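Number 47 in numbering that gives the first Met the number 0 belongs to position 48 of the sequence shown; there are no gaps in the numbering. One structure below.
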Amino acid sequence: MSEAHPHPPNSPQALNDEEASAALSPTDALADAQAELVNLKAQNADLADQFLRGQADVQNARRRADDEIAKARKFAVEGFADSLLPVLDSLEAGLAIPNVTIEQIREGSEATLRQLKSALERNKVVAIDPPAGTKFDPHHHQAISVVPAEQEPNTVVTVLQKGYSIADRVLRPALVTVTAPK
Numbered sequence: 000m001s002e003a004h005p006h007p008p009n010s011p012q013a014l015n016d017e018e019a020s021a022a023l024s025p026t027d028a029l030a031d032a033q034a035e036l037v038n039l040k041a042q043n044a045d046l047a048d049q050f051l052r053g054q055a056d057v058q059n060a061r062r063r064a065d066d067e068i069a070k071a072r073k074f075a076v077e078g079f080a081d082s083l084l085p086v087l088d089s090l091e092a093g094l095a096i097p098n099v100t101i102e103q104i105r106e107g108s109e110a111t112l113r114q115l116k117s118a119l120e121r122n123k124v125v126a127i128d129p130p131a132g133t134k135f136d137p138h139h140h141q142a143i144s145v146v147p148a149e150q151e152p153n154t155v156v157t158v159l160q161k162g163y164s165i166a167d168r169v170l171r172p173a174l175v176t177v178t179a180p181k
């Protein structure tokens, strides 16, 4: 016989050993269950704490993101406005000069226009000014009138007013006349 089973499995002595261990088992099982309950309660409290901390982190991140968005909206045009200030200065300086000649006004206006165009280009504002014969694009052009012409149908004849886009988004379409279908 082995050391682990001193009595044969079906012997009366083996049954008495099982009964004895069964008699001790409810108390041991209760103690084990209570210990496991205490352990599970501690794990539950730890997980609840982690959950609350996670929620607080998410709320803080959301609040910081909302603050950043609000700042971005508030100061979005700051760079653009800064690039327009020299244009404003030039216009004010030109108007402050007494006894200006027509030639000086024209030179000042041309210089100020160059400053304005440069400021717009630095801020990715680009003119939409299609040359005659360009295929009409409804995403960038707005047809004001249709005229008979020798060009292909639906092509730009003249630009009545330039359009402008910013970073590939149309601010204002170019106002154009287009050729009539034949």
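Backbone N, C-alpha and C define an ideal beta-carbon position, used for all residues, glycine too. Keep in mind that this is a model prediction, so the values were computed, not measured.
Straight-line gap, residue i to residue j (C-alpha atoms, nearest Å)
i	j	result
A75	D81	11 Å
V169	L119	14 Å
D56	V175	54 Å
I101	S89	17 Å
D27	E35	12 Å
N38	G53	22 Å
A92	I104	11 Å
L83	D45	58 Å
I68	A30	57 Å
K123	E77	14 Å
N59	T133	53 Å
D167	R121	14 Å
D267	R63	This structure cannot speak to residue 267, because the chain is shown only from 0 to 181.
K73	R61	18 Å
F79	K70	16 Å
R171	F135	15 Å
Q141	N98	43 Å
L25	D65	Looking at the sequence provided, one finds Pro at residue 25 rather than Leu. The alpha-carbon atoms of P25 and D65 are separated by roughly 58 Å.
Rounded distance between the beta-carbons of residue j and residue i, thought under 8 Å
i	j	result
A173	V156	At roughly 12 Å, the Cβ-Cβ gap does not stay under 8 Å, so A173 and V156 are not in contact.
L51	V86	In fact, because the Cβ distance is near 55 Å, the residues do not count as touching under 8 Å.
Member of the options whose CA lies at the smallest distance from the CA of residue i
i	options	result
Q150	L94, R171 and T178	T178
P180	N153, A166 and S24	N153
H139	G78, F79 and V158	V158
For residue i, the first and last residue of its enclosing beta strand (DSSP E)
i	result
G162	G162 to I165
V145	H140 to V146
T176	A173 to T178
Host alpha helix (DSSP H) of residue i (start-end)
i	result
I127	It is not in any alpha helix (DSSP H) - I127 instead sits in the beta strand (DSSP E) that spans V124 to I127.
A92	E77 to A95
Segment contact, 8 Å Cβ cut-off, at least three pairs: the region 144-151 with the region 98-118: Short answer: they don't touch.
Decide if the region 121-136 is in contact with the region 160-169; the criterion is three or more beta carbon pairs, one per stretch, under 8 Å apart. The answer is yes - the region 160-169 touches the region 121-136, with three or more Cβ pairs under 8 Å.
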